[in-house]
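For the sequence shown, full-length UniProt numbering begins at 1 and goes up steadily by one.
Everything below concerns the one structure shown next.
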Amino acid sequence: MRVVLDTNVLISGLLLPHSVPGRIVQAWRSAQYALVISESMLDELERVLSYPKIQRRLQWSPGEIRRFVSLFRYYSDVVVVDESLCVELKNSLRDDMDVHVLATCIAGKANWLVSGDEDLLTVRDRYPVRSPAEFVAMLSP
Numbered sequence: 001m002r003v004v005l006d007t008n009v010l011i012s013g014l015l016l017p018h019s020v021p022g023r024i025v026q027a028w029r030s031a032q033y034a035l036v037i038s039e040s041m042l043d044e045l046e047r048v049l050s051y052p053k054i055q056r057r058l059q060w061s062p063g064e065i066r067r068f069v070s071l072f073r074y075y076s077d078v079v080v081v082d083e084s085l086c087v088e089l090k091n092s093l094r095d096d097m098d099v100h101v102l103a104t105c106i107a108g109k110a111n112w113l114v115s116g117d118e119d120l121l122t123v124r125d126r127y128p129v130r131s132p133a134e135f136v137a138m139l140s141p
């Protein structure tokens with residue numbers, strides 16, 4: 001199964017390992033699914049991990065953040081998102097980063113996109129978008 005995790009899910013999973021997003025990150029670490037990500041999402045992940053509030057919580061130095069993102073890149077399927085796809089999707093979503101996340105799902109032929117973002121969840125009738133709770137329920141036997 002191929003899955004795109006929105007940055008909000010990844011960050012929540014790292015900060016709160018026993019939460020629903022934490023269980024999703026742990027399921028990836030246990031190879032229950034393949035993680036699909038794009039360069040723009042990796043850039044956003046590094047940017048968000050560098051926020052002072054997040055850095056304080058994780059207690060990671062800038063070098064540790066870069067190493068983490070490099071490892072993340074290595075253990076994920078990094079896909080190239082064609083800008084023409086983003087242009088096509090622009091009318092579906094308000095936020096450009098949400099457009100890139102959805103485009104990553106499509107370009108990466110992901111089975112699911114997991115997000116807590118309300119804008120992304122509103123397109124679930126057209127795209128395979130699920131909330132973290134819905135995705136965890138799918139993983140559970």
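Ideal Cβ positions, reconstructed from N, Cα and C, are used throughout, including at glycine.
The C-beta separation of residue 104 from residue 1 comes to about 16 Å, leaving the pair out of contact by the 8 Å criterion. Sequence-distant Cβ neighbours of residue 59 in its own chain, meaning closer than 7 Å and more than five residues away, do not exist here. When Cβ pairs closer than 8 Å are counted between the two stretches, the segment 119-129 is seen not to touch the segment 64-80, the count staying below three. Leaving aside the five residues that flank residue 25 on each side, the residues in its chain whose CB is nearer than 6 Å to its CB run, in chain order, 13. Going by DSSP, residue 60 is part of no beta strand (DSSP E) at all; its letter is neither H nor E. Residue pairing of residue 82 in beta bridges, as defined by DSSP: absent, with no partner found. When rounded, the separation of the alpha-carbon atoms in residue 31 and residue 65 is 22 Å. Note that the C-beta distance between residue 121 and residue 129 is below 7 Å. Bounds of the alpha helix (DSSP H) holding residue 48 are 39-49.
Residue 6 places its beta carbon 7 Å or farther from that of residue 79. Going by beta carbons, residue 110 and residue 9 fall outside the 7 Å limit. The alpha carbon of residue 115 has as its nearest neighbour, out of 136, 63, 108, the alpha carbon of 136. Counted as a single uninterrupted DSSP element, the stretch harbouring residue 123 is not any beta strand (DSSP E), since DSSP gives it neither H nor E.
Each residue's CA atom was taken as its position, placing residue 50 and residue 57 some 11 Å apart.
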